[in-house]
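Those protein sequence lines, which keep their order, are chains A, B, C and D.
Counting with the working numbering, you get residues 1 to 336 for the letters of the first sequence.
Counting with the working numbering, you get residues 337 to 613 for the letters of the second sequence.
Counting with the working numbering, you get residues 614 to 1171 for the letters of the third sequence.
Counting with the working numbering, you get residues 1172 to 1657 for the letters of the fourth sequence.
Single-structure report; data block below.
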Amino acid sequence: MSDLLGTQPKASSLSDRWGPVALYLLKRLLSGGLVLLAGTAAVFFTIQAAPGDPALAALGEQATPEAIAAFRAEYGLDAPLMAQYLRWLLGFFQGDLGQSLAVARGMPVGELVLQKLPATVFVGLFALFLAVVLSLVLGTLAALNRGKATDTIATSIAVFGISMPDFWMSYVLIFGLSLGLGLFPAFGYVAPGDSLLGALHAAFLPALAIAAPMAAVFARTLRAVLIETLSKPYVTAARSFGLPRPFVILHFALRNAMVPYLTIVGLQIRYILGGVVVVERIFGIPGIGSLMVDGAFARDYTVLQACTVVFLVIVLVVNIAVDMICALLDPKQTVR
Amino acid sequence: MTSFRRFMQNRTGMVGLLIVLIVALAVLIGPALIPYGPEDMDFMAILAPPSLAHPFGTDSFGRDVLSRVLLGGRVSLTISFAAILVAAVLGSWIGILSGYHLGWTDGVLMRIMDLLFAFPSFILAMLLMVLFGFSSVNIIAAIALVYLPIFARIARNTTLLIREEPFIQASRLMGRRPSAIMLTEILPNISAPILVQASVGLAFAIILEAGLSFIGLGVQPPTPSLGGIMSDGREYFSRAPWVLTMSGMAISVALLGINLLGDGLRDLTDPKLRERA
Amino acid sequence: MSVPLLDIKGLRVGFGRGAYRKEVLHGVDLHLQRGETLGIIGESGSGKTMTGMALLRLLPDTAQVAQEAMLFDGTPLHDLDETAFGALRGVRMAMIFQDPVGSFNPAKRIGWHFRQVMKRAETAAGGVQPTGDYRARAVALMQEVGIRRAEDSVDLYPHQLSGGMLQRALIALVLALEPDLIVADEPTTNLDKVVEHQILTLFKQIQRRLNAGMIFVTHDMAVAASLCDRIAVMREGEVLEVAEAQRLFDDPQHDYTKLLIATARKLASPAAPRGEPGRDKPPLMQIRNLSLVFPPSGPRPAFRALDDITLDIRQGEVIGLVGESGSGKTTLGRALLRLYRPSGGTLLFRGEDITRASDRALRPVRRELQMVFQDPGGSFNPRKLMKDSLAEALRAAGVTSSREIAARTAALLERVQLAPEHGERYPHELSGGQLQRVAIARAVALDPALIVADEAVSKLDVSVRAGVLDLFRDIQREKQLSMVFITHDLEVARYMCDRIAVLYHGRLLELGPTERVFDSPSSDYTRTLLETLDYSLGGRNFGQAGYGGTGTERAHAD
Amino acid sequence: QSTTLTAAITGYNVINSLDPAKASLIPEFYVIWGVFNGLMTFDDEMNIVPDLAETVTPLEGGGYEFTLKPGVKFHDGSELTAEDVKFTFDRVMAAETASPNAGKLAKVKSVEVVDPLTLRILTDGPYAPLLTFLTNARTGTQIISKAAFESMGEEAYSRMPVGTGAYKVTDWRSGEGLTLTAHSEYFEGAPTFETIEVPLIAEEASGVTALQGGQIDMTSTAPAADVSVLMKDDAIKVLRQPGLNTRFISVNLRKAPFDDIHVRRAFSMAFQREAMVQAVIFGEGVTAQGLLPPQLAAYYSEEPRPYMSYDPEAAKAEMAKAKYKPEEIEIGVITWSGGWWKRFAEIFVAQVNQTLGTKLTVEVTDANTAYARQKSGDFEAGVWGWLGMVDADEYVGDILTTTGWRNFQGYSNPEVDALAAQGLAETDPAKRPDFYKKAEAIAMEEMAVIPCFCSNIHNLLRADLEGFVQRPYSNFADQFRSMKLG
Ligand SMILES: Nc1ncnc2c1ncn2[C@@H]1O[C@H](COP(=O)(O)OP(=O)(O)OP(=O)(O)O)[C@@H](O)[C@H]1O
Ligand SMILES: Nc1ncnc2c1ncn2[C@@H]1O[C@H](COP(=O)(O)OP(=O)(O)OP(=O)(O)O)[C@@H](O)[C@H]1O
Ligand SMILES: [Mg+2]
Ligand SMILES: [Mg+2]
Ligand code: NI
């Protein structure tokens, strides 16, 4: 009975695993592109269906009818809708996002977006970082001490976090840590390029306000997943080999909990971005979330379109990145 | 019966249920017990601090904040509940359809869900509100649209998991119609994760509704909603901190209850946790 | 005798607290000498695993363990604190788990596991300077347990190895620890017979080399018989009896032991020859050059699961479909029922071509083609009462009057030897054997012409297996059904089937009357498969031939 | 002493254009006032005095001759001449510019340059508000540099304008803020602060926390609710005074039920304006009984007007005279979701409903929709109010005359039109107010709009910041030059 033990696969080298990755990436990007197109079209036509007028936002309540007419002519708003959208699309494919109508009248939207993006990305990443660190600590502590006081405390903190909507959290933080104790600025944004420490200091409260509910969600996920991996036979097996406990926790339990954990992190990105919008306004962070809110209120469809593109791209990129990391972490799947 | 007993054992779940019941009772019959209506203005008592007469103080129109918080809670909960209900029903249906038929149906439906899902939740809701105007129905629709893809995905994934289960196959082998199989075989068996997601979603829907109202895209006044009261309270926080604080704490308590209840439900329905409990 | 290596008295294990406490071990006594193999047999859930886990303190936190005494090499284990115990576990005692695939960290390569375990062994031995060349040692160990191309294998991830290889790797890992006591928890249950055979051989060699005491947990009588010196029989958390292997089979004391042995013997004895039923009748189903290709999905390329299969199923005959795991048995079964759409060839049912018939067109034919599944629990909607599931089937068969449905449901239950009250239960409230009976009843309710039974008894306990098989056979004869009986268990196939079809990598390797296939197999593969019967069919001589518990080592030509 | 001042514009975060001819949003003017000068300006007592002009001489038949101060330098170092002034005015008036501020110069016939420092503005007959409209207020007639404008082009100029003001724009981050740098050759002497950072803070409340947290030194506005609390705060100086504004309920006279005068009068008497001031703006304002606010002192009528105070009985009686039944009036009052504007509508609706038994509802939209619907006449009633208008004609002429461009309510009365026209032509400051007072009285009698209140304007400063003189039209950057830390 010679070769019945199954065929011997080759040790998989990285290049083997990256082979299908390229194809997968291509597919994801293609479908992402379609989503992008559909998204911008949806935004464009709904904003046009909505009442309101960018001219009014640009010119204010004092605008005279003549000024409004001139404005509409200047930005081609008197053309048929389809023509307007196609013109935008054409520009988009040439890398031209058009001019802002009302939020920053006449300014190239691409430039505008590039100006706002760093703040959002910085605060968002900072929030993500805080959420991940907090949740790793809380989730691991809770899972390892399941049913004990530590678990109860950590889980309570997590539940408390979820029960604090970000805007409410912002105020609690402002009045507690900022105006109360004077530990952090209540307002404003420092570009990390100017001073990294200053930027972290200034962005701490907004990032924490966004991160708190997320950290809670992540922590609870991690706790559940970790409890599950801790009960996996390979953990018991590792213990039966007499491997030290911290080692088992780190390399067996946590390591294998990472894929489901990261998947949840990826899914929550849309909440982080959503939270950024509200918190940006409260803390006066000049980010893309505020820009999009302004764009929506001002019916500035070019800005709105560009923000849509940016948000869709961020979500797409994050999801692909998470999938990639998961694929890297999980030798079983090249890509899902 | 057994699952109910098991739930009774679940301390978190029970505490959550208790809070939810208290909150539900408070918002349902509370307003009737308070001598002031939520819309009764008293210009003699504008921004009165908490007192025996007004345990939560009054707002800028001299309205009793407690009764407004209770009614606002009712409104917020109703809206969130309705939104989640719509999202869950519609989403499950889409998900089952997608997961059962696969192929073309699946492709189209899921791409639409992907599109909805790609938008940051708050921004999607906000855009919808700006575009279609402010009203309770529109908020419900906006929140429902935000959650639709989540339910659709869960329903689809669980459907995919069980569509190859022997009992579904057995049903197919009996020659039953797909719609009957989806309704009587699949739906009852994917209801658990949907239910758990609904409880989690409810908490987020409340947050979303409050967030919308908070930036001024909420229900029409004078109807109060928790977010609306907070938004008002924020404006005169330094004068009358109780309005924001009390409504903020109210929302936290409601969320706490729902979250704990959701945890309990999850423990209950997750067979893995169940085994080990 | 000297101090026993292990002496357990009054071991109790319970879960939960207060009113919810459930005791799963009610005072287990066991002892073991160096170099001795103690078998533990018993049905599923009897507490075999718990005994081993309690011994190594691997039970979850929710478990409470109590014992009168637990001595390891004279040392009272229960007096040791975590640290002191930790120094023993993995050094002097080790466990091999039931599920080799699950025992490896899926995120790490095989070699990594060896390195960690070896480091651990060195630290325990007080070795100051690490030897470093873990890889070479790992390769050597892997070679020792018979893993081909061990050099490559250490660089693979667990999922890239077959179950058999992983089981060997796990054994090699435990070897690296060189323990005095090995607890092996059903290490071969998940493997097919061919591999099981190899591994058991290996086991015995290793134990001998280390002169270790071994507790070998299994629910397979035959395996226990051929491997162990003494055997303990467990049921519901209690040790019913312990005896020398030979004596246990010759002179079982306990009724339960007697039942176990009788069942095993019954399955092992070939059924009375039945000729070839239906030879003269027109074939019910004609399968011509059937092939099935699973389309590529994700990174996985297209896969040809069935290749050029030609086979007739005659009226009233039972065809056994055997073959190693992954050979396409299930796929063929499902293709026959048109749950899959074949990629090539034709499928004639009563002469009618159903190869490409649409779902709608199939609906009337469906009722004639039924399936009984491997997992009795999974084949019922967990939210429906059993009688409702049966009623569903009856309705699908065209019965409309609710009175008739009730009557027929009762009759069906009776036919499969269940009481009416079983109809009032939910699936999880029935045992596996009972569920499978209802599954048979449901299939029969539709009055089918063909039933495909896919591993329909492999999830059942040995003690109930024979009963269900008999039920199958009775009903099949009574209704003159045709049946495709999928199994990887040759005993079962021989017991049940008129003809045997052997699948290998999606191809039909051999087809013939049962007797002929068993007596003079025409392919090498079938022959290899049959070799495994030599020990598992020990029914002819339980406890005598084997892997040399006390007997002589069995010659094995590789 | 720090040479940077951080002066935040709060409550707004959009600045589109710093080109005076194109500017129309309040925050745009906040900045323009510091970057440019007009020919005229307001002094601390709100008198109109020359700024870039040295002398102003009225001309026979309408118009003025101006001589300019010599040696006034633009930011680019070039000198101001009459050509720049003519260029500025011609551009505002030109149809192709489509300036939202063109109306200010509507009666100007031509602008003539006499010599480099002298010019004449000729009008079609006497045009009383002309000098007001040439001040450095929300007018759009601030003087730009012809040479710089022509070399830069409109687009670039509107972002980095070249004016004569004490500060020049050196950095502009859209939606975020601007940086102003001192104009060292400013004709009245170099300012104290070298740099002024002007962040744009969308939320007024955030402005307050930023000020309290020390991230900014002053704000352009303050949330009314916080004022009384902030006044007790020693670290913060609160500047407040009644503002040049009137908040009213704009009613559509072309549609039911407001085509009925009795309904309008009944509504006006059905709510307490004092309570409104308390509840909506926390007492930071005064009740109004007309459109002309008390700060336009000469034009303000103190004597009580009929129908302008709360009188439930009279309101019901008035309602009974109407052709509509109160319980059948089910209209929405449009407002938008910004702070107190929502409460404004809410309290109006609640009180009127309570007094009259009507079924009004509050219809909250966003500001853009609210503007659009009022402008297009697609409304029954809505809250409204103009801010920073400095001439009586902007109230009576624009809002109450048949052709007035701010007349959204569709009010038309020939008598009012005639009086407004007379007021426009009356250059004698002593006689002029009479026309407007009369016109307003008539319109208020007919309840062309339902006036509610005038709100205070505020600036918040850190306690040691000095030299900011607040003007009732809510000024801002024009004061930067004189400010210093005490
Ligand atoms: N964590 C647990 N909590 C409660 N009961 C448990 C737990 N783990 C196992 N049991 C119960 O303990 C009993 C003995 O289980 P054990 O795993 O020892 O059986 P076994 O004899 O090994 O069965 P098998 O042949 O199926 O492996 C079973 O009834 C099982 O349900
Ligand atoms: N839906 C599917 N898609 C792709 N490949 C499949 C699918 N189902 C089965 N396969 C593959 O087809 C091959 C045959 O599978 P099948 O389930 O028929 O084997 P089997 O003989 O029943 O094995 P076992 O004894 O383990 O049940 C396997 O390699 C399996 O991986
Ligand atoms: Mg076991
Ligand atoms: Mg199979
Ligand atoms: Ni061999």
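Where a beta carbon is used, it is the ideal one built from N, C-alpha and C, also for glycine.
Quick caveat, the model's predicted, so the values are computed rather than measured.
Tell me which same chain residues have a C-beta within less than 7 Å of the C-beta of residue i, skipping the five on either side of it?
{"i": "I227 of chain A", "result": "A143, R146"}
{"i": "L645 of chain C", "result": "P617, L618, L619, L651, G826, I828"}
Between residue i and residue j, which are expected to be in contact by the criterion C-beta below 8 Å, what is the C-beta distance as a whole number of angstroms?
{"i": "G850 of chain C", "j": "E636 of chain C", "result": "7 Å"}
{"i": "V159 of chain A", "j": "G295 of chain A", "result": "That belief does not hold up - the Cβ atoms of V159 of chain A and G295 of chain A are roughly 36 Å apart, past 8 Å."}
{"i": "L624 of chain C", "j": "L638 of chain C", "result": "6 Å"}
{"i": "I325 of chain A", "j": "L262 of chain A", "result": "6 Å"}
{"i": "A734 of chain C", "j": "L790 of chain C", "result": "6 Å"}
If the cut is a Cβ gap below 8 Å, which residues of chain A does residue i touch?
{"i": "G584 of chain B", "result": "W168, Y171, V172"}
Just to confirm my understanding: we take residue i, look at its own chain, exclude 5 residues before and 5 after, and list those with CB closer than 6 Å. What are they?
{"i": "L328 of chain A", "result": "none"}
{"i": "K1000 of chain C", "result": "T1022, G1036"}
{"i": "G554 of chain B", "result": "L548, S561, G563, G564"}
{"i": "Y1148 of chain C", "result": "At Y1148 of chain C, the pLDDT of 49 sits below 50, so the modelled position is not reliable and the matter cannot be decided from this model."}
{"i": "A970 of chain C", "result": "none"}
Since residue i meets chain B, which of its residues come closer than 9 Å, beta carbon to beta carbon?
{"i": "M82 of chain A", "result": "Simply none; closest approach about 19 Å."}
{"i": "M1181 of chain C", "result": "With chain C covering only 614 through 1171, there is no way to say anything about residue 1181 of chain C."}
Under 9 Å Cβ-Cβ, which residues of chain A neighbour residue i?
{"i": "S1583 of chain D", "result": "Within chain A, no residue comes near S1583 of chain D; the closest Cβ sits about 18 Å away, beyond 9 Å."}
{"i": "G1384 of chain D", "result": "I174, S178, L179, G182, F184, P185, A186, F187, G188"}
Could you list which residues in chain B have their beta carbon closer than 8 Å to that of residue i, in chain order?
{"i": "E1534 of chain D", "result": "Q556"}
For a contact defined as C-beta to C-beta under 7 Å, what are the partners of residue i on chain B?
{"i": "S992 of chain C", "result": "P502, F503, A506"}
For residue i, go through chain A and note every residue whose CB falls closer than 7 Å to its CB, in chain order.
{"i": "S716 of chain C", "result": "P233, Y234, A237"}
{"i": "V836 of chain C", "result": "The contacting residues do not exist; V836 of chain C stays about 18 Å from chain A at best."}
Could you work out which residues of chain C lie near residue i, taking near to mean beta carbons separated by less than 9 Å?
{"i": "P524 of chain B", "result": "N994, P995, R996, K997"}
I want to verify the contact list: residues of chain C whose CB lies under 8 Å from the CB of residue i, in sequence order.
{"i": "E521 of chain B", "result": "N994"}
Name, please, each residue of chain D whose Cβ falls closer than 9 Å to the Cβ of residue i.
{"i": "E375 of chain B", "result": "A1521"}
Below 7 Å on C-beta distance, what does residue i contact in chain C?
{"i": "R512 of chain B", "result": "A1009"}
Worksheet entry | Contacting positions in the stretch 1516-1528 of chain D - beta carbon closer than 7 Å to chain B | E1517, I1518, A1521
Worksheet entry | Any 3 or more C-beta pairs closer than 8 Å across the stretch 353-364 of chain B and the stretch 382-400 of chain B | no
Discussion item. Tell me which residues of the stretch 1252-1277 of chain D have at least one Cβ-Cβ distance to chain A shorter than 9 Å, keeping chain order.
Written reply: A1266, E1267, T1268, A1269, S1270, P1271, N1272, A1273, G1274
Discussion item. Within 8 Å, do at least three Cβ pairs link the stretch 1613-1626 of chain D to the stretch 1576-1584 of chain D?
Written reply: yes
Worksheet item: On the three-pair Cβ rule with 8 Å, is the stretch 567-575 of chain B touching the stretch 476-492 of chain B?
Response: no
Item to complete: Could you say if the stretch 505-523 of chain B and the stretch 978-992 of chain C meet the contact criterion of at least three C-beta pairs nearer than 8 Å?
Response: yes
Item to complete: Determine contact between the stretch 1628-1635 of chain D and the stretch 1380-1392 of chain D, defined as no fewer than three beta-carbon pairs at a distance below 8 Å.
Response: yes
Practice prompt. Give, in chain order, every residue of the stretch 149-163 of chain A whose Cβ lies closer than 7 Å to some Cβ of chain B.
Written response: V159, I162, S163
Worksheet item: Looking at chain A, which residues of the stretch 445-460 of chain B have a Cβ within less than 9 Å of any of its Cβ atoms?
Response: R447, I448, D450, L451, F453, A454, F455, P456, S457, F458, I459, L460
Worksheet entry | contact_flag[the stretch 51-71 of chain A, the stretch 291-307 of chain A] where n(CB pairs < 8 Å) is 3 or more | yes
Discussion item. Which residues of the stretch 1561-1582 of chain D have a Cβ closer than 7 Å to any Cβ of chain A? Give them in chain order.
Written reply: W1576
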